[in-house]
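K.L.:
Counting from 4, one number per residue, gives the positions in the sequence shown under the numbering used here.
Handing you a structure now.
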Amino acid sequence: MSNSGAPTGAGPGKLIVISGPSGAGKTSICKGLLAQLPDAAWSVSVTTRPPRSGEVSGESYMFVDREEFERRELAGEFLESAEYVGQRYGTPRLPIEEAMSRGRNIVAEIDVQGTIQVAARMPESIRIFVLPPNMESLRARLEGRSTEAGEQLARRLGQADGEIAVARDSGCYPYFVVNDVLETTIQEVRSIIAKEQQEP
Ligand code: 5GP
Numbered sequence: 004m005s006n007s008g009a010p011t012g013a014g015p016g017k018l019i020v021i022s023g024p025s026g027a028g029k030t031s032i033c034k035g036l037l038a039q040l041p042d043a044a045w046s047v048s049v050t051t052r053p054p055r056s057g058e059v060s061g062e063s064y065m066f067v068d069r070e071e072f073e074r075r076e077l078a079g080e081f082l083e084s085a086e087y088v089g090q091r092y093g094t095p096r097l098p099i100e101e102a103m104s105r106g107r108n109i110v111a112e113i114d115v116q117g118t119i120q121v122a123a124r125m126p127e128s129i130r131i132f133v134l135p136p137n138m139e140s141l142r143a144r145l146e147g148r149s150t151e152a153g154e155q156l157a158r159r160l161g162q163a164d165g166e167i168a169v170a171r172d173s174g175c176y177p178y179f180v181v182n183d184v185l186e187t188t189i190q191e192v193r194s195i196i197a198k199e200q201q202e203p
């Protein structure tokens with residue numbers, strides 16, 4: 004997923020954080036946003052999780068080992084970092100600062116723990132939590148995706164309930180959207196971004 008983007012000239016760029024449980028459809032929403040918003044760039048996260056089939060390092064994620072992750076973390080390269088079902092994830096700070104300084108929006112997929120850090124460090128970011136229409140649809144999407152098997156699938160499903168509760172309690176999401184019909188959800192997220200863009 005990549006989008007070189009172009010300056011909007013419509014005020015400062017913003018960091019748009021998309022969160023939600025595994026299987027809620029975050030990645031499809033991000034892809035849709037990037038396709039529809041020519042000014043938006045994609046934040047390539049760094050992770051220790053192994054690539055899924057078809058994932059290329061430097062596109063959806065930068066895949067590194069734990070030692071390299073910790074080196075980058077110690078060097079202060081991440082805006083935020085977190086551990087999710089036994090793997091490390093971090094958002095590189097520099098590409099976000101660069102995009103924003105050029106007046107471009109940048110879209111990032113970040114879990115709740117990481118978003119709490121972003122809310123504290125970058126309160127002007129737009130933070131949106133994506134909910135599945137119900138837990139059955141979450142299970143069906145995760146199973147249908149068949150990228151995770153057995154224990155990983157169970158861990159991700161087990162994580163979902165807690166994640167939604169923590170997201171609500173954290174107070175760091177001004178926006179919750181239910182992803183029932185993908186195109187409708189993308190339009191809803193676009194309206195949120197447009198509204199926030201009006202704010203100083
Ligand atoms: P997945 O392994 O399914 O791609 O992602 C697992 C979880 O990690 C998802 O909730 C995703 O939003 C989150 N995630 C992806 N990139 C980052 C990141 O850079 N930082 C944090 N904190 N979470 C991330």
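The beta-carbon is built from N, C-alpha and C at its ideal position, and this holds for glycine as well.
(1) May I have the straight-line CA-CA distance separating LEU77 from LEU40, to the nearest angstrom?
(2) Output the distance between the C-alpha atoms of THR11 and ALA44, rounded to the nearest integer angstrom.
(3) By the three-class DSSP mapping on this structure, what secondary structure does GLY147 have?
(4) Classify THR188 as buried or exposed, calling it buried when 16 or more other Cβ atoms lie within 10 Å of its own Cβ.
(5) Helix or strand or just coil, what does DSSP make of VAL180?
(6) Which of the three DSSP states, helix, strand or coil, is assigned to VAL169?
(7) State buried or exposed for SER48, treating a residue as buried only when at least 16 other CB atoms are found within 10 Å of its CB.
(8) According to DSSP, is ILE113 part of a helix, a strand, or is it coil?
(9) Any idea what DSSP makes of THR50, helix, strand or coil?
(10) So who's on the other strand from LEU18, going by DSSP bridges?
(11) For LEU160, which beta-bridge partners are listed by DSSP?
(12) Please list, in chain order, all residues of the same chain as SER7 whose beta carbon is under 8 Å from its beta carbon, the five residues on each side excluded.
(13) Would you check if the distance between the CB atom of ARG130 and the CB atom of TYR176 is smaller than 8 Å?
(14) Buried or exposed for GLN190, going by 16 or more other Cβ atoms inside 10 Å?
P.N.:
Per the coordinate set shown:
(1) Cα to Cα, the separation comes out at about 34 Å.
(2) Confidence is the limiting factor: at THR11 the pLDDT is only 44, short of 50, which leaves the residue's position unreliable, though a coordinate-based value still follows. The C-alpha of ALA44 is placed about 12 Å away from the C-alpha of THR11.
(3) In the structure shown, GLY147 sits in a helix (DSSP, three-state: H, G or I).
(4) Within 10 angstroms of the beta-carbon of THR188 lie 16 or more other beta-carbons, which makes it buried.
(5) Per DSSP, reduced to three states, the secondary structure at VAL180 is strand.
(6) Here VAL169 sits in helix by DSSP.
(7) So SER48 counts as buried.
(8) Residue state for ILE113 is assigned as coil, using DSSP reduced to three classes.
(9) Per DSSP, reduced to three states, the secondary structure at THR50 is strand.
(10) For LEU18, the beta-bridge partners assigned by DSSP are ILE109.
(11) Note: LEU160 sits in no beta bridge, so no partner.
(12) Here SER7 scores only 46 on pLDDT, less than 50, and its place in the model should not be relied on; the value that follows carries that caveat. Taken in chain order, the residues that qualify are ALA44.
(13) The Cβ atoms of ARG130 and TYR176 sit closer than 8 Å to each other.
(14) Under this definition GLN190 is an exposed residue.
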